[in-house]
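No gaps in the numbering here: position 738 of the sequence shown is 739 in my numbering, and each next residue is one more.
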Amino acid sequence: MSAAYAQSTTTSGGLEEIVVTAQKRAEDLQSVPVSIQAFGEAKLQELNVQKFDDYVRYMPSVSYQTAGPGFASVYMRGVASGGDGNHSGSMPSVGIYLDEQPITTIQGALDVHLYDIERVEALAGPQGTLYGASSQAGTLRIITNKPDASGFESGYGLEVNTVTHGDMGYLAEAFVNLPINDRTAVRLVGWHRQDAGYIDNAPGSRTFQSTIPTPDRPDSVPVTQSNERFVEDDYNDVETTGLRAALKLDLNDNWSITPQLMAQKQKGNGSFAYDPAVGEYKLSHYYPEFSDDQWVQAGLTIEGRIANLDVVYAGAYLDRDVDTESDYSDYTYWYDVAYLASGYYFSDYFPNNEGGYSDLAQFIQGKDRYNRYTHELRVSSDADKRLRFVGGLFLQRQEHDIEQRYMVNNLADTNVSVSGWDDTIWLTKQTRVDKDWAVFGEVSFDFTEKLTGTLGGRYFDSNNSLAGFFGFNVGYNPNPEYGQGYCNANGLTEPYHGAPCTVFDKTTKEDGVTPRVNLTYKFNDDKMIYATYSEGFRPGGINRRGTLPPYKADWLDNYEIGWKTTWFDNRLRLNGAVFSQTWDDFQFSILGAQGLTEIKNAGAARINGVELDATWAVTDGLGISAGVAWLDSELTEHYCGFSDENGNPVTSNPCPFPDEDDDGNPIIVLQDPEAFKGTPLPVTPEWKANATVRYEFPMGDFETYVQGAVIYVDERRTDLRDFENSILGNMPSYTTADFSAGFGRNNWRLEMFVTNAFDELAETGRFAQCAESVCGEQTYIVPQRPRTVALKFSQTF
2 MSAAYAQSTT TSGGLEEIVV TAQKRAEDLQ SVPVSIQAFG EAKLQELNVQ
52 KFDDYVRYMP SVSYQTAGPG FASVYMRGVA SGGDGNHSGS MPSVGIYLDE
102 QPITTIQGAL DVHLYDIERV EALAGPQGTL YGASSQAGTL RIITNKPDAS
152 GFESGYGLEV NTVTHGDMGY LAEAFVNLPI NDRTAVRLVG WHRQDAGYID
202 NAPGSRTFQS TIPTPDRPDS VPVTQSNERF VEDDYNDVET TGLRAALKLD
252 LNDNWSITPQ LMAQKQKGNG SFAYDPAVGE YKLSHYYPEF SDDQWVQAGL
302 TIEGRIANLD VVYAGAYLDR DVDTESDYSD YTYWYDVAYL ASGYYFSDYF
352 PNNEGGYSDL AQFIQGKDRY NRYTHELRVS SDADKRLRFV GGLFLQRQEH
402 DIEQRYMVNN LADTNVSVSG WDDTIWLTKQ TRVDKDWAVF GEVSFDFTEK
452 LTGTLGGRYF DSNNSLAGFF GFNVGYNPNP EYGQGYCNAN GLTEPYHGAP
502 CTVFDKTTKE DGVTPRVNLT YKFNDDKMIY ATYSEGFRPG GINRRGTLPP
552 YKADWLDNYE IGWKTTWFDN RLRLNGAVFS QTWDDFQFSI LGAQGLTEIK
602 NAGAARINGV ELDATWAVTD GLGISAGVAW LDSELTEHYC GFSDENGNPV
652 TSNPCPFPDE DDDGNPIIVL QDPEAFKGTP LPVTPEWKAN ATVRYEFPMG
702 DFETYVQGAV IYVDERRTDL RDFENSILGN MPSYTTADFS AGFGRNNWRL
752 EMFVTNAFDE LAETGRFAQC AESVCGEQTY IVPQRPRTVA LKFSQTF
């Protein structure tokens, strides 16, 4: 599928040509035998795209889940098992690039503010040959406008907006392109955005059941939690400030150097979910919540020509610091309820120094420190030759320093708080390192003027490690397999980055080859058909709970037939693709004991789908664009929830669950699978579609337009597992509509945008704070932003 979204109206009697670089060389979108959507600069402005959520809504093949800005998990073509995005989780299955540099991290890609952007490309299906392991199911690319020495250019935009059920926000952004001489130019871009909040932290209180006096415990003092200090309306506001600076220096006619620096600080408050039991867009949380996401990425691109070969070097260094604090009081409350039902008093595990209860309720303080460098060197031959190629070398290393403190105020110091970490019931202090290098290449040969074959491959070698501490102090849980129980049992006293000891230090290594084979037949300059086989790969890794075995790599096989056609003198573009994918040993994340993410391989799944889109320049002023994706996904094996001794997923029915009898002897218990063969994959809808109509017309001396868009997303399963999904429930289908209108003259324009015009309560996620079997009575729903009305003035020079 490829959508010519850069401009939906005509300029000189037809649709505008779009140039993309999906295959690491500049090509006309319609000549590339890859399923691509490309939003050009004009379309991004027409849709008032400012951030990630704004553009993926209009991409039928893309789905996502998010816990807030900067924490989105992205999926393409239904390759989704749900639950990804934890700091020690699986690597993403969709790679996201800023120009030539990957910006994907484990917890989510950088939430780049989109301004002065040349285009956004979405490449559906495995892109592992040219883009690597994090492009198993597809790739998103953000291409910035580059410095231009041919002339001065500048612009700015000012916006004010209001959110139904919420507050007011604003935006200021500007750019300037400064030629220094005929070979050198600088481009500077800056922005400051305030996104209004729309979730209320409503008044609430609750008493921990095990602290209520009983005949057996008459002296117990009830502990009641109240959020009176933190009650606030519209408390999930976000402030984003950033800049981008680029220099382009043409050394001569063949060589150029483009260094670029981009930095952004994003401070988000509150939660982006609501509790249906409290009310729409409301919840009752008992501790402050925020995220402070700061990052800097420096990139360098060198382009040149040696003999008849184009040479490109692209390198980047990313430094990202994320500080978070989040309410986790549901965990203690619902475990307290569950323990009491079994005759135990959970509150006894949380004493204070005076022999009474601590505050009991938990909150989490997180500090995540990322650094990542990437290097790519590639060489390509002339694109107009009958035999042509592109190939190169790739190297990257990402390090993630993880600190997660699960805290209870007034917790006893001795043997309960983790040693050296006051009020910390659980500590995760770990370092994760993901390294890989690869050799890649593709060769294309024109058998005839109409028939072209392409053969590509990528050899990769990955090395992923995780080391450090995780667990409790012995006064809370003396388990010798982790925490300070492990330190004591093994006589370990050497601290690990301030934690009591090193509980584990594990590494997993893998290598392999991902191939791609393509045949393309061009009927004429306007119509082509192609067939592709490609493989996608995602490396395995080490579980955050170090006592679990590593999880293995998963593989995606893709069989695809696509077409790209233009009709009626370039006024109508109809494109599409039909595909079938097999996903083997796919990685599946769950919340296990103590609320820790556990990753296991889960057998196999099959995903069939169709992608279609159309762009029609009806007249010189009226344009229509539409896209739709249909997906049919299901498990092809039962999911039992555990692996055998060799790390292979158990897929039998019934499932032989390992257990213990009353004397602690190992036994086998036969139970139903957690998900049966034929179960649909979660998160991704069966149908997703959108349509946009835009009409431009003169009104006196003004250039005027009106635009309307509609987006439909089908019902989606929340969790792969049947029991957990029955607790959380499916996410219902929804339809939203966006409208805009504006006028301008010469170099300025004034516009109004209405997003989610009918204020649809559209769900993008559901979750519970801990395992659904315990915390499932308190489920949270992540909604899209309510109706937002924005007024924007912009001007260029």
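Virtual Cβ for every residue (Gly too), placed ideally from N, Cα, C.
- To which residues of the same chain is Leu141 closer than 6 Å at the C-beta, ignoring the five residues directly before and after it? Hits under 6 Å: Ile97 and Ala123.
- Item | For Trp335, the first and last residue of its enclosing alpha helix (DSSP H) | Ser330 to Ala342
- Task: With DSSP collapsed to three states, give me the class of Leu16.
- Result: coil
- Message: Going by the DSSP bridge assignment, what does Tyr345 pair with across the sheet?
- Response: According to DSSP, which records beta bridges pairwise, Tyr345 is partnered with nothing at all.
- Item | Boundaries of the beta strand (DSSP E) in which Ala710 is found, first to last residue | From DSSP, the beta strand (DSSP E) with Ala710 extends over Phe703 to Val714.
- Closest by CA to Asn49, which one among Phe589, His166, Leu172 and Arg78? The candidate whose alpha carbon is nearest that of Asn49 is Leu172.
- Item | Proximal residues to Thr325 (C-beta, below 6 Å), its chain only, five neighbours per side dropped | Cβ within range, chain order: Ser292 and Gly367.
- Query: For Gly189, which residues of its own chain have a beta-carbon under 7 Å away from its beta-carbon, when the five flanking residues on both sides are left out?
  - Reply: The sequence shown places Leu at residue 189, not Gly. For Leu189, where only same-chain residues beyond five positions count, the Cβ hits under 7 Å are Phe176, Val177 and Ala246.
- Message: Can you tell me where the beta strand (DSSP E) holding Lys368 begins and where it ends?
- Response: Looking at the DSSP string, the run of the beta strand (DSSP E) that includes Lys368 is Phe364 to Ser381.
- Are there 16 or more other CB atoms within 10 angstroms of the CB of Pro784, so buried, or fewer, so exposed? buried
- Task: Flag this pair as yes or no: are the beta carbons of Asp437 and Ser463 separated by less than 7 Å?
- Result: Yes.
- Query: On the three-pair Cβ rule with 8 Å, is the segment 124–139 touching the segment 524–543?
  - Reply: yes
- Query: Can you tell me where the alpha helix (DSSP H) with Asn748 in it begins and where it stops?
  - Reply: Counting along the chain, Asn748 falls outside any alpha helix (DSSP H), and DSSP gives it neither H nor E.
- Message: Nearest by alpha-carbon distance to Gln739: which of Val707, Arg767, Val651 and Phe768 is it?
- Response: A small correction: the amino acid at residue 739 is Asp; Gln does not occupy that position in the sequence shown. Looking at the Cα atoms, Val707 is the closest of the given residues.
- Query: In terms of alpha-carbon separation, which member of Glu761, Glu355, Pro501 and Pro681 lies closest to Thr637?
  - Reply: Pro681
- Proximity winner among Thr415, Glu304 and Gly542, relative to Asp602 (alpha-carbon distances): In the sequence under discussion, the amino acid at residue 602 is Asn, which differs from the Asp named in the question. Considering only alpha carbons, the answer is Gly542.
- Could you give the uninterrupted runs of the beta strand (DSSP E) lying entirely in the segment 458–514, keeping only those of 3 residues or more? none
- Item | Which residues DSSP lists as bridging Asn559, in chain order | Answer by DSSP bridge pairing, in chain order: Ser535 and Gln582.
- Query: If you compare alpha carbons, which of Asn747, Gly90, Val187 and Gly476 is closest to Pro1?
  - Reply: The structure shown does not extend to residue 1, since the chain is modelled only from 2 through 798, so no value can be given for it.
- Could you round the C-beta distance between Ser82 and Phe587 to whole angstroms and report it? I think they count as a contact, below 8 Å. 6 Å
- Task: For the segment 353–373 and the segment 403–413, state whether three or more C-beta atom pairs, one from each stretch, are separated by less than 8 Å.
- Result: Flag = yes, the segment 353–373 and the segment 403–413 touch.
- Query: Taking the continuous alpha helix (DSSP H) assigned at Leu729, which residues delimit it?
  - Reply: Asp723 to Leu729
- Task: Going by DSSP, name the residue or residues bridged to Ser292.
- Result: Gly269 and Thr325
- Could you tell me which residues DSSP puts in a beta bridge with His166? The partner list for His166 (beta bridge, DSSP) is empty, contrary to what the question assumes.
- Task: Name the residue from Ala308, Val80 and Gly69 whose alpha carbon lies nearest to the alpha carbon of Val63.
- Result: It is Val80.
- Hey, which unbroken runs of the alpha helix (DSSP H) at 4 residues or more fall wholly within the segment 101–133? 129–132
- Candidates Leu361, Ala39, Val434 and Val619: closest to Tyr371 by CA position: Val434
- Message: Would Gln102 and Ala317 be called neighbours here (beta carbons separated by less than 7 Å)?
- Response: yes
- Query: Is Tyr76 helix, strand or coil by DSSP?
  - Reply: Taken through DSSP and simplified to helix, strand or coil, Tyr76 comes out as strand.
- Could you give the C-beta distance for Gly622 and Tyr696, rounded to a whole number, given that I count them as a contact under 8 Å? That pair is a contact at about 6 Å.
- Task: Grab me the residues of Ala362's own chain with a C-beta within less than 6 Å of its C-beta, minus the 5 sequence neighbours each way, in chain order.
- Result: Gln226, Tyr287, Ser330 and Thr333
- Mind the definition here: the segment 206–220 touches the segment 250–258 only if three or more C-beta pairs lie below 8 Å; say whether that holds. no
- Task: Kindly indicate which three-state DSSP category Ala791 falls into: helix, strand or coil?
- Result: In this structure, Ala791 counts as strand in the three-state DSSP scheme.
- Query: Where do the ends of the alpha helix (DSSP H) carrying Glu42 lie?
  - Reply: Glu42 to Glu47
- Task: Consult DSSP for Val775 and reduce its assignment to one of helix, strand or coil.
- Result: When secondary structure is reduced to three states using DSSP, Val775 falls in the helix class.
- Query: From this set, Lys553, Glu404 and Arg517, which residue's C-alpha is nearest Thr508's C-alpha?
  - Reply: Lys553
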